[in-house]
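First the structure, in the form of structure tokens, and then the observations on it.
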Amino acid sequence: MLLSFFSIFNHQLLDATTNDSKESGKTVDKLLGGLLTEEFDEDSCLSRYQSSLYRKPSPYKPSQHLVSKLRSYEMLHKRCGPGTDAYKRATEKVGHDDDENYASKSVGECRYIVWVAVYGLGNRILTLASLFLYALLTENHSC
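Under the numbering used here, the sequence shown has 51 at position 24, and the numbering climbs by one with no breaks.
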């Protein structure tokens with residue numbers, strides 16, 4: 028029942044945005060000016076594409092520098108993210124007491140930042156957003 032309700036709600040949301048865009052003469056930019064990549068499978072993460080439909084479109088276009096940084100971060104994530112050999116080797120190193128400075132060691136081209144959740148939703152959101160921004164600017168991979 029819940030799944031069918033979600034499916035109905037989902038189609039109504041998409042129909043509403045499509046109808047609104049047809050009436051106003053504007054097309055819906057699913058990629059948000061390049062912030063989202065065309066290579067990503069839309070069905071695997073619906074919220075990635077639909078979350079922007081709940082807000083008015085931004086009148087500002089993202090800078091090419093930001094878009095290129097996001098694409099390079101996505102490539103880094105494919106090489107160094109969960110499920111890769113580099114990630115497996117790095118997680119094996121973390122937590123061994125024989126090397127005091129294990130956090131600063133890198134595995135090939137992959138460098139990792141370890142995030143530890145703290146109490147409180149606000150603290151988690153703030154630290155996670157800060158971690159992502161730091162990783163993006165320093166070309167590290169957050170885990």
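C-beta: ideal position from N, C-alpha, C; glycine also.
None of these values were measured; they are calculated from a predicted model.
When the options are compared against residue i, the one with the closest alpha-carbon
i	options	result
P86	D70, G60, S99	G60
Q77	T111, V55, P109	V55
A162	V141, V145, I152, G149	V141
S79	L58, K96, S71, D70	L58
L164	E119, K96, E66	K96
R160	Y81, Y100, P109, F67	Reading off the sequence shown, one finds Leu at residue 160, where the question assumed Arg. Answer by Cα proximity: Y100.
Neighbour-count burial assignment, residue i, 16 or more Cβ in a 10 Å radius
i	result
N139	Looking at the sequence shown, residue 139 is not Asn but Tyr. So Y139 ends up on the buried side.
C107	buried
K49	Bear in mind that a pLDDT of 47 at K49, under 50, signals an unreliable position, so the model cannot answer this.
For residue j and residue i, believed in contact at Cβ under 8 Å, the rounded distance
i	j	result
T64	R98	7 Å
R151	V143	In fact, because the Cβ distance is near 10 Å, the residues do not count as touching under 8 Å.
P84	L62	Contact doesn't hold; Cβ gap of about 12 Å is too wide.
A113	C137	4 Å
E166	L103	7 Å
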